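Note sheet for the following structure.
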Amino acid sequence: MKSLFTSLSLLTFAAALLVPALHAVPGVAGPAPKEAYLIPVKDNWIITATKPGETAALPENLMLIALQGLANTDAPRVYIEYPETWHFHDFNPLKDFYATRYGVKFTRLDTPDAALTALSHFAKGYVVWDHKVRTSINVVLTAAGVLRALVVDESLIPLAEKHGLKPLADFRGQFAGQTDIQIYRWAYDKYWKDCSRDYIIWMGGVAGNSMEPGVADLAIAFHAFVTDLSANPKDTEEIAFHRKLLTELKPTAWIMGWHSYAKDTEGQWITLTSGYGLKAIGLNTFPNGTFMSQIGFSPGFKLTNNNHVTRQSTVVAEMKLYICLVQSDSMGIGAWTEPERGQIPYNWEVGVDGAKWYPAAMEMFTKDKTPNDYFIGGQSGYMYPAAVPADRFPGLMVEMNALMSLMDQHTVGIMDHTDRGIPIGYFDLPKHVVDEYYAGAPDVIGFINGYAAAHTFDLRNGQAMMSYDYYLDEHRPVASAIADLDELARLNPQRPYFMLIHVRESNSIKRVISIMNGLEEKPEIVPLDTFLKLAASNPTFKVRYKDEKPAGKAWDAQTQ
2 MKSLFTSLSL LTFAAALLVP ALHAVPGVAG PAPKEAYLIP VKDNWIITAT KPGETAALPE
62 NLMLIALQGL ANTDAPRVYI EYPETWHFHD FNPLKDFYAT RYGVKFTRLD TPDAALTALS
122 HFAKGYVVWD HKVRTSINVV LTAAGVLRAL VVDESLIPLA EKHGLKPLAD FRGQFAGQTD
182 IQIYRWAYDK YWKDCSRDYI IWMGGVAGNS MEPGVADLAI AFHAFVTDLS ANPKDTEEIA
242 FHRKLLTELK PTAWIMGWHS YAKDTEGQWI TLTSGYGLKA IGLNTFPNGT FMSQIGFSPG
302 FKLTNNNHVT RQSTVVAEMK LYICLVQSDS MGIGAWTEPE RGQIPYNWEV GVDGAKWYPA
362 AMEMFTKDKT PNDYFIGGQS GYMYPAAVPA DRFPGLMVEM NALMSLMDQH TVGIMDHTDR
422 GIPIGYFDLP KHVVDEYYAG APDVIGFING YAAAHTFDLR NGQAMMSYDY YLDEHRPVAS
482 AIADLDELAR LNPQRPYFML IHVRESNSIK RVISIMNGLE EKPEIVPLDT FLKLAASNPT
542 FKVRYKDEKP AGKAWDAQTQ
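Numbering (my numbering), first residue to last: 2 to 561.
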């Protein structure tokens, strides 16, 4: 096979050909490019080698992902090829889908030198982070977005200079001995005035000597401030500064990335961001955001779901056990690519944001769906509805309804784990939140709630709101899960019994099938829209909400 980059001059010429005539913006979809670059990164996210024989590929990977952000700021030019082990593994077939469905011709750049030969002209210089201070990586990403600079560590400086780039900022030694809050305050004073108010990046996730910066391309393209500030009330200085940043964003701003596993909890973080009415899109590992979000559906394509009933349909539940299986946590990190998909009815919590951030992926999933795959919708972004300011909620419902219509979704998934010092597993909704959903989404078939088992149930105007009965942890032995579900069936002897199961996304479908086949009472497994209509036809559940004024230490420990 003839090489596509046998000389530096050919690559430079090809780069010029990839500059589109029309200006594009990440997050705003347009037509697919005819050509683009494909750049692989290594399956190694170690920041610094610390023992004999260990290698650290984060510096090189980070440079390439940040370079993607520079090149994709006004057009989808670069697609990063992540390893098969990457968290969003269901997205791995997407590059082939762009080629076959959209006709994108990819030129592969297998080395950092080849990537810089083709793309270094998108950088105005380079900025250097400090191996001794992990937080300097987030500062250098902020600086790179503002200064339009290549991101390097000291080992990559010769490569940057080989391609004619000059230093624009060097943070080696700058933050020695400083705390994170001191570093972020310095970065705020230096760069915040030039950063976006529409986007902010939380580069959290794994901590220590690893980093998985999948959203770094969005950070660069959006000129976004990059941080991992804590939402833990114990970190008084960080949480105060965290609040300051949130108040200075636009009310419609997006928070991209994820909280730091070393600093706070998901519940603390989303409670805080939801309190400002801001939407979070996870994770920090979210890949190729600048590329995917600039390419809309292929010409003539329309999203379609496997709808089994309508809002007006009449169905009647029989005296039996009905089970509905829901995989949450959106598309990309679940079991979609497994060969067993399609063997039983399975429900996928897609989220309406797929239409904005990865349209082609939604097209790929839609075209690849089996008759047993059903897509569930929900409000835009990750938010806890009980924490959202009341004046923001109606607007969120308008946005949700419009995007659900676009995606042919007719059922709503809800999760609220507003942090009030309550242990994980408490996911019930207060009545006023239930009221808001019924008022804001009168045309959907129904609602489901929870993550672990919850106890919020309602039925109004033929719309059932059901909560999960069971959380299927991927580490729960199959025999134990079967015993759990058999016991649930015995504890709920009245039929029909509607058992809603949350399938943690790391479970395999093969494993779930084996659990279903092992149950004493053979259930009818149904898609969610049918499940909700059946539940509404014979409501053997009791209407129930979260106590609005729980007593004791749990409420007193709430995060404010």
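Positions of the beta carbon are idealized from the N, C-alpha and C atoms, including for glycine.
These figures come from a predicted structure and were not determined experimentally.
Residue i: CB within 7 Å of a non-hydrogen atom of the ligand GTP
i: residue 123; result: Because no ligand of any kind appears in the structure shown, any question about the ligand GTP cannot be addressed here.
Of the listed residues the options, nearest to residue i (C-alpha basis)
i: residue 302; options: 316, 352, 407 and 460; result: 407
i: residue 234; options: 273, 53, 443 and 219; result: 273
i: residue 384; options: 522, 93 and 281; result: 281
i: residue 419; options: 276, 526 and 484; result: 276
i: residue 415; options: 409, 447, 525 and 404; result: 447
i: residue 365; options: 73, 380 and 99; result: 99
i: residue 481; options: 432, 515 and 247; result: 515
i: residue 412; options: 388, 465, 390 and 452; result: 465
i: residue 546; options: 460, 505 and 497; result: 460
i: residue 145; options: 92, 116 and 68; result: 68
i: residue 183; options: 381, 229 and 109; result: 229
i: residue 152; options: 289, 179, 117 and 83; result: 117
i: residue 501; options: 360, 521, 96 and 456; result: 456
i: residue 404; options: 363, 180 and 386; result: 363
i: residue 355; options: 347, 330 and 339; result: 330
i: residue 122; options: 430, 483 and 73; result: 73
i: residue 504; options: 204, 489 and 350; result: 350
i: residue 379; options: 48, 433, 450 and 40; result: 450
i: residue 470; options: 433, 327 and 65; result: 327
i: residue 402; options: 65, 195 and 352; result: 352
i: residue 131; options: 54, 189, 197 and 48; result: 48
i: residue 531; options: 41, 348 and 133; result: 348
i: residue 94; options: 417, 369, 133 and 487; result: 369
Cβ-based neighbour list, residue i, same chain, cut-off 7 Å, excluding 5 preceding and 5 following
i: residue 149; result: 71, 124 and 125
i: residue 269; result: 232, 233, 420 and 560
i: residue 286; result: 87, 88, 89, 206, 213 and 215
i: residue 483; result: 516, 519 and 520
i: residue 458; result: 466, 467, 468, 542, 543, 544 and 545
Exposure label - residue i; buried when at least 16 CB within 10 Å
i: residue 294; result: buried
i: residue 18; result: With a pLDDT of 33 at residue 18, under the threshold of 50, the modelled position of that residue is not reliable, and the figure given next carries that caveat. Residue 18 is exposed by the Cβ-count criterion.
i: residue 320; result: exposed
i: residue 135; result: buried
i: residue 208; result: exposed
i: residue 14; result: Note that residue 14 has pLDDT 31, beneath the 50 cutoff, so the model's placement of it is unreliable and the number below is only indicative. By the neighbour-count rule (16 or more Cβ atoms within 10 Å), residue 14 is not buried but exposed.
i: residue 534; result: buried
i: residue 265; result: buried
i: residue 113; result: buried
i: residue 250; result: buried
i: residue 96; result: buried
i: residue 476; result: exposed
i: residue 108; result: buried
i: residue 120; result: buried
i: residue 437; result: buried
i: residue 491; result: exposed
i: residue 263; result: exposed
i: residue 462; result: exposed
i: residue 104; result: exposed
i: residue 527; result: buried
i: residue 283; result: buried
Same chain, Cβ closer than 8 Å to residue i, neighbours up to 5 away in sequence not counted
i: residue 26; result: 75 and 295
i: residue 248; result: 277
i: residue 305; result: 367 and 409
i: residue 129; result: 141, 153, 154, 155, 158, 168, 170, 171, 172 and 173
Sequence-distant residues of the same chain with beta carbon closer than 6 Å to residue i, five excluded per side
i: residue 358; result: 294
i: residue 523; result: none
i: residue 106; result: 36
i: residue 39; result: 80, 82, 107 and 109
i: residue 499; result: 323 and 536
i: residue 548; result: none
Below-8 Å beta-carbon distance, residue i vs any chain B residue
i: residue 481; result: Here chain B cannot be found, since the structure has a single protein chain.
*Is there contact between the region 331-349 and the region 365-383, where contact requires at least three CB pairs shorter than 8 Å?*
Cβ pair count under 8 Å is three or more, so yes.
_Restricting to runs no shorter than 3 residues, where is the beta strand (DSSP E) found entirely within the region 142-207?_
With a minimum length of 3 residues, the continuous beta strand (DSSP E) runs that stay inside the region 142-207 are 151-153, 168-171 and 200-206.
*Can you find at least 3 beta carbon pairs, one from the region 239-259 and one from the region 202-219, that sit closer than 8 Å?*
Yes, the region 239-259 is in contact with the region 202-219.
*Using 8 Å as the threshold, is the region 220-227 in touch with the region 158-168, meaning 3 or more CB pairs across them?*
No: fewer than three Cβ pairs fall under 8 Å.
*Segment contact flag, the region 507-524 with the region 387-394, C-beta cutoff 8 Å, min 3 pairs*: No, the region 507-524 is not in contact with the region 387-394.
*Cβ contact check for the region 86-95 and the region 54-62: 3 or more pairs under 8 Å*: Here the region 86-95 does not lie against the region 54-62, with fewer than 3 beta-carbon pairs under 8 Å apart.
*asked:* Could you tell me which whole alpha helix (DSSP H) segments of length 4 or greater appear in the region 344-380?
replied: Runs of the alpha helix (DSSP H) inside the region 344-380: 355-358 and 360-369.
_Can you confirm whether the region 235-246 touches the region 180-199 when touching is taken to mean that 3 or more C-beta pairs between the two stretches lie within less than 8 Å?_
Yes, the region 180-199 touches the region 235-246.
*What are the uninterrupted segments assigned as alpha helix (DSSP H) that are 4 or more residues long and contained completely in the region 288-334, given in chain order?*
For the region 288-334, whole alpha helix (DSSP H) runs of length 4 or above, ordered along the chain, are 290-293.
*Identify every run of the beta strand (DSSP E) within the region 47-117, keeping only runs that are complete inside it and at least 3 residues long; order them along the chain.*
Taking only runs of at least 3 residues, the beta strand (DSSP E) segments lying wholly in the region 47-117 are 79-82 and 106-109.
_Contiguous alpha helix (DSSP H) assignments of at least 4 residues, all confined to the region 497-554_ = You should have 510-518 and 529-538.
_beta strand (DSSP E) runs contained entirely in the region 218-300, provided each spans 3 or more residues_ = Complete beta strand (DSSP E) runs here, min 3: 226-228, 255-261 and 280-282.
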